[in-house]
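The opening residue of the sequence shown carries number 1009 in the working numbering; numbering runs sequentially from there. Yeah, the Cβ is synthetic: ideal placement off N, Cα and C, and Gly gets one too. Take a look at the structure set out below.
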Amino acid sequence: MDPPRASHLSPRKKRPRQTGALMASSPQDIKFQDLVVFILEKKMGTTRRAFLMELARRKGFRVENELSDSVTHIVAENNSGSDVLEWLQVQKIQVSSQPELLDVSWLIECIGAGKPVEMTGKHQLVVRRDYSDSTNPGPPKTPPIAVQKISQYACQRRTTLNNCNQIFTDAFDILAENCEFRENEDSCVTFMRAASVLKSLPFTIISMKDTEGIPCLGSKVKGIIEEIIEDGESSEVKAVLNDERYQSFKLFTSVFGVGLKTSEKWFRMGFRTLSKVRSDKSLKFTRMQKAGFLYYEDLVSCVTRAEAEAVSVLVKEAVWAFLPDAFVTMTGGFRRGKKMGHDVDFLITSPGSTEDEEQLLQKVMNLWEKKGLLLYYDLVESTFEKLRLPSRKVDALDHFQKCFLIFKLPRQRVDSDQSSWQEGKTWKAIRVDLVLCPYERRAFALLGWTGSRQFERDLRRYATHERKMILDNHALYDKTKRIFLKAESEEEIFAHLGLDYIEPWERNA
């Protein structure tokens, strides 16, 4: 890796001297080539800065003596993000890249672990940003690290799992869920969009000034944010959590196969606990609900990534036994980088469209039944039509063949932590969804089944309102040209829509 050059910085100003005697990391000592650290001396002092630089370099980190465009992480102590940006302005340093602004605690944790650790909200420095200042004449107050306008569409925002505003997003997730239980769609969408945009922010909101210029935050939403800032909680959220109807619906819908209509029925009949529901002889349960009750304890516990990977191996073994050229892709939250989930989704497709492919899911079910690995399944036949226009509904389900099942995962197939398993059990019930799609529609199906739900809603909304197109899990249709647009990959779909490609791990909206 080439050393940073002075020409990366503004040619008119000399860079501030931090500690000229320190030696930069030699290439052979660097273990983490993609990570370049600069430690700010301000409020830290020369001695402590030199000490931390030396420690980090011993652990294989590349630490620069001076700031340059190659720096990916700026580390500071007792400084806010705004302080760091102000320092850059005072020193007349222009950085064309956008490095992470982090508290020194992140670097200390990295040194302790001997490798880079995950950046979370507690590590990221707060930047109070002016998104617009049209009333104030003179030069704009744009910091040296560019602040881009935040889009109202999740498909134009990069949302990772590093949520800096969880106290707010948790509140809006609860309010959205309550509205969904009450079938109040407009309010549900309002709260979902608010939570989504807050999850995408690279800074923590600590005052109402920080909300200026952020889309999807109406007066009601801002009122809730202000109350949380001042009191540490929302009275409306507190009321929802204590609401008997919300508690009952939350409990009832946790059972596999139970939706809003069944929850409403049970609630109106006076049921408030699952034990009362299960013991009532007058109630008739579907096959799915019976399985949901039978394996309830396993199904409400989270599925770990290790468990998902173990299921993936078994799914691929079974599919390839009948269709060796098939592509099997884990989708959903696990494809977006999540470590935990409630089920595991797989998309299956094959270049050769044959009768064997149409019978594939049934053959896999038969195989697993023989091996004692199948606890329940519901096979839904395909109603897909190639010339059907995409659905205009943002939450529309697809028409591919699919199978909703409960898999019996043997304990010995899981490599790591099994702390969530019931003591003495040699297996765990896992919810699995298998989706079989035509090969030429695999890109659309993969995009749709990867999620997140709000990302997909906004992607379809963007296609309709901004591009005069219709997108769903099957196809992309251009209403102006009156043609279907073909795509071999997700990247091509984004290109058709005129969007920058968003990686799966950046779709956690």
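State the beta-bridge partners of residue i as determined by DSSP.
i       : result
His1081 : Val1045 and Glu1108
Met1348 : Thr1312
Arg1515 : Thr1167
Met1052 : In the DSSP output, where bridge partners are listed per residue, Met1052 has none listed.
Ile1236 : For Ile1236, which the question treats as bridged, DSSP gives no partner whatsoever.
Thr1357 : Phe1335
Met1200 : DSSP output for Met1200 lists no bridge partner at all.
Glu1072 : Phe1046
Cys1411 : Leu1387 and Leu1442
Phe1492 : Tyr1485
Leu1454 : Beta-bridge pairing links Leu1454 to no other residue.
Ile1478 : Tyr1485
Pro1418 : Trp1435
Gln1132 : Leu1110
Are residue i and residue j touching if we call contact CB-CB under 8 Å?
i       : j       : result
Ala1453 : Phe1408 : yes
Arg1419 : Thr1458 : no
Ile1414 : Ala1299 : yes
Lys1416 : Ala1437 : yes
Leu1093 : Phe1046 : no
Ile1233 : Ile1213 : yes
Glu1072 : Val1098 : no
Leu1063 : Val1083 : no
Leu1383 : Met1373 : no
Cys1163 : Leu1405 : no
Lys1324 : Val1336 : yes
Phe1279 : Arg1253 : no
Ile1158 : Arg1165 : yes
Ile1182 : Val1245 : yes
Lys1039 : Gly1068 : yes
From this set, the options, which residue's C-alpha is nearest residue i's C-alpha?
i       : options                               : result
Thr1312 : Asp1423, Leu1355 and Gly1380          : Asp1423
Arg1070 : Val1092, Glu1085 and Lys1123          : Lys1123
Phe1216 : Glu1235, Tyr1304, Val1205 and Glu1188 : Correcting the residue type first, residue 1216 is Met in the shown sequence and not Phe. Checking every option, the nearest Cα to that of Met1216 belongs to Glu1235.
Arg1295 : Ala1162, Tyr1385 and Thr1167          : Tyr1385
Leu1291 : Tyr1303, Asp1306, Pro1359 and Lys1273 : Lys1273
Glu1305 : Trp1435, Arg1190 and Gln1370          : Trp1435
Arg1523 : Ser1320, Glu1448 and Phe1211          : In the structure displayed, the chain extends from 1009 to 1517; residue 1523 sits before or after that span and is not available.
Gln1041 : Leu1060, His1081 and Thr1054          : His1081
Glu1500 : Arg1190, Arg1449, Lys1324 and Pro1332 : Arg1449
Met1348 : Ser1159, Leu1169, Lys1039 and Arg1286 : Leu1169
Asn1481 : Val1245, Gly1068, Lys1401 and Asp1441 : Lys1401
Lys1228 : Ser1195, Arg1461 and Glu1238          : Ser1195
Pro1332 : Leu1368, His1350 and Cys1310          : Leu1368
Ser1283 : Asp1441, Phe1260, Ala1483 and Gln1174 : Phe1260
Ser1204 : Ile1237, Gln1160 and Leu1375          : Gln1160
Met1200 : Phe1211, Gly1226 and Asp1218          : Gly1226
Tyr1303 : Lys1269, Gly1265 and Met1277          : Gly1265
Please report the straight-line C-alpha distance between residue i and residue j, rounded to a whole angstrom.
i       : j       : result
Glu1049 : Glu1498 : 44 Å
Glu1393 : Phe1257 : 36 Å
Glu1220 : Leu1322 : 50 Å
Val1308 : Arg1439 : 10 Å
Phe1492 : Lys1476 : 13 Å
Glu1365 : Gln1297 : 29 Å
Ala1184 : Leu1479 : 25 Å
Arg1056 : Gln1106 : 26 Å
Glu1108 : Glu1117 : 16 Å
Ala1451 : Gly1267 : 30 Å
Ile1510 : Tyr1485 : 21 Å
Val1125 : Arg1396 : 48 Å
Lys1130 : Leu1206 : 16 Å
Phe1330 : Ser1390 : 19 Å
Arg1469 : Gly1432 : 49 Å
Asp1466 : Arg1066 : 46 Å
Lys1494 : Leu1505 : 12 Å
Glu1193 : Ser1090 : 39 Å
Lys1378 : Lys1371 : 11 Å
Arg1190 : Ser1271 : 11 Å
Phe1301 : Val1135 : 48 Å
Pro1359 : Pro1446 : 8 Å
Leu1381 : Ile1356 : 19 Å
Ser1287 : Ser1262 : 18 Å
Val1079 : Asn1087 : 18 Å
Ser1242 : Thr1472 : 35 Å
Leu1096 : Asp1077 : 13 Å
Thr1281 : Asp1251 : 14 Å
How close, in whole Å, do the beta carbons of residue i and residue j come, if the pair is a contact with beta carbons under 8 Å?
i       : j       : result
Met1517 : Phe1463 : Correcting the residue type first, residue 1517 is Ala in the shown sequence and not Met. Between Phe1463 and Ala1517 the Cβ distance is about 4 Å, and since that is below 8 Å, they are a contact.
Val1352 : Met1338 : 7 Å
Cys1172 : Leu1133 : That belief does not hold up - the Cβ atoms of Cys1172 and Leu1133 are roughly 10 Å apart, past 8 Å.
Phe1342 : Val1443 : Actually they do not touch by this definition, with Cβ atoms about 14 Å apart.
Pro1512 : Arg1344 : 5 Å
I want to see whether chain D comes within less than 8 Å of residue i, judged by CB atoms only; does it?
i       : result
Ala1471 : Looking at the structure shown, chain D is missing, and only one protein chain is on hand.
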